[in-house]
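Reading through the structure tokens given below for one structure.
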Amino acid sequence: MNCILTHTGKRFDLYEPDAGMIDPRDISHSLAHLCRFNGHTREFYSVAQHSCIVAELVPEEHKLAALLHDAAEAYLGDITRPLKQWMPDYRGFEDVIWMRVCERFDLALDLPASVHHADLIALATERRDLMPSDPAIWDCLIGIEPMVEIIRPWPAAEARLTYHQRLMDQLAIEHRRKAA
Numbered sequence: 001m002n003c004i005l006t007h008t009g010k011r012f013d014l015y016e017p018d019a020g021m022i023d024p025r026d027i028s029h030s031l032a033h034l035c036r037f038n039g040h041t042r043e044f045y046s047v048a049q050h051s052c053i054v055a056e057l058v059p060e061e062h063k064l065a066a067l068l069h070d071a072a073e074a075y076l077g078d079i080t081r082p083l084k085q086w087m088p089d090y091r092g093f094e095d096v097i098w099m100r101v102c103e104r105f106d107l108a109l110d111l112p113a114s115v116h117h118a119d120l121i122a123l124a125t126e127r128r129d130l131m132p133s134d135p136a137i138w139d140c141l142i143g144i145e146p147m148v149e150i151i152r153p154w155p156a157a158e159a160r161l162t163y164h165q166r167l168m169d170q171l172a173i174e175h176r177r178k179a180a
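Sequential numbering from 1 applies to the sequence shown in UniProt numbering.
Written out as structure tokens, the structure reads:
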């Protein structure tokens with residue numbers, strides 16, 4: 001079986017993903033129920049909320065890419081960064097699904113530098129606010145300052161609604177921008 005059943009009842013083929021099967025409702029629902037850091041946060045903290053934070057940190061023209069930068073995880077799950085580096089096949093699936101997300105939402109394949117930087121700022125803030133204390137240096141965070149604001153994790157229902165509304169608002173903005 002190559003398919004997963006999505007929240008909206010679609011059979012999404014992981015081996016031959018179809019951009020037309022990618023639904024913002026499925027992304028919103030799934031990311032709101034996926035916990036960052038493989039669930040090792042002090043309390044539940046969703047990928048959807050993480051994506052909203054990243055979107056708050058980028059210029060207006062990159063907000064849609066920021067909201068969707070982890071959209072492939074809605075179909076594949078969130079695998080920890082250290083494990084991903086040892087799984088080239090997984091990264092291949094992630095790349096193909098990302099290509100379909102880009103096709104579906106008319107995004108460039110390469111994420112803007114501002115999204116990568118905002119993702120690291122969010123990570124530094126999440127480490128400070130949500131993870132157990134650990135003196136180890138995370139190489140990817142050298143020179144990255146966390147946000148001033150403290151993260152208050154949202155319950156899954158709030159994360160789903162907030163993420164979905166922001167995504168739909170941004171899609172409407174992008175549609176108007178391209179129509180002008």
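We put the CB at the ideal spot given by N, CA and C, even for glycine. Small disclaimer: the values here were computed from a predicted structure and weren't measured.
### Query
Going by Cα to Cα distance, which pick from Val58, Cys102, Tyr90, Phe44 is closest to Leu31?
Residue 31 sits at position 31 when you count from the first residue of the sequence shown. Closest option to Leu31, Cα to Cα, is Phe44.
### Query
With contact counted as at least three CB pairs below 8 Å, one residue from each stretch, are the stretch 93-108 and the stretch 71-84 in contact?
The stretch 93-108, when compared against the stretch 71-84, does touch it at the 8 Å Cβ threshold.
### Same chain, Cβ closer than 6 Å to Thr80, five either side skipped, listed in chain order
On the sequence shown, position 80 is the one that residue 80 refers to. Closer than 6 Å at Cβ, skipping near neighbours: Asn38.
### Task
Tell me, please, which residues DSSP counts as bridged to Leu5.
Within the sequence shown, residue 5 is the residue found at index 5, counting from 1. Answer is Arg11, bridged to Leu5.
### Query
Cα-Cα, which of Trp154, Asp129, Val58 is closest to Ala48?
Counting from 1 along the sequence shown, the entry for residue 48 is found at position 48. Ranking the options by Cα distance to Ala48, first place goes to Trp154.
### Stretch pair the stretch 117-131 + the stretch 3-13: three plus CB contacts closer than 8 Å
no
### Query
Going by C-alpha distance, which of Asp18, Lys63, Ala124, Asp139 is nearest Met147?
By 1-based counting over the sequence shown, the position of residue 147 is 147. Minimum Cα distance to Met147 is reached at Ala124.
### Message
Between Thr8 and the ligand PLP, is there a pair consisting of the residue's CB and a ligand heavy atom that are separated by less than 7 Å?
### Response
This structure does not include the ligand PLP; it has no bound ligands of any sort.
### Query
Looking only at C-alpha atoms, which of Ala19, Lys63, Asp78, Leu107 sits nearest to Arg36?
Taking the sequence shown and counting its residues from 1, one reaches residue 36 at position 36. Closest option to Arg36, Cα to Cα, is Asp78.
### Message
Within a Cβ cutoff of 8 Å, which residues of the same chain sit near Val176, ignoring the five residues on either side of it in sequence?
### Response
As a position in the sequence shown, residue 176 is number 176, starting the count at 1. Reading off the sequence shown, one finds Arg at residue 176, where the question assumed Val. So no residue of the chain qualifies.
### Query
Nearest CA to the CA of residue 183: which residue from Trp138, Arg42, Lys63?
This structure cannot settle anything about residue 183, because the visible part of the chain is limited to 1 through 180.
### Task
Could you tell me which residues DSSP puts in a beta bridge with Cys35?
Counted from its first residue, the sequence shown places residue 35 at position 35. Answer is Ser46, bridged to Cys35.
#### Entry: Under 8 Å between C-beta atoms of Ala118 and Leu67
As a working mapping, residue 118 is identified with position 118 in the sequence shown. As a working mapping, residue 67 is identified with position 67 in the sequence shown. No.
### Query
Expressed to the nearest angstrom, what Euclidean distance is found between the alpha-carbon atoms of Gly143 and Ser114?
Start at 1 with the first residue of the sequence shown, and residue 143 comes out as number 143. Start at 1 with the first residue of the sequence shown, and residue 114 comes out as number 114. Near 15 Å, if we compare the C-alpha coordinates of Ser114 and Gly143.
### Query
What residues in its chain sit with their C-beta under 6 Å from that of His29, if we drop five residues either side in the sequence?
Counting from one through the sequence shown, the residue named residue 29 turns up at place 29. The residues are His7, Arg160.
### Message
Cutting at 8 Å between CB atoms, please list the residues of its own chain near Pro17, excluding the five before and the five after it.
### Response
Translated into the one-based positions of the sequence shown, residue 17 becomes position 17. Here the set comprises Tyr75, Val96, Ile97, Arg100.
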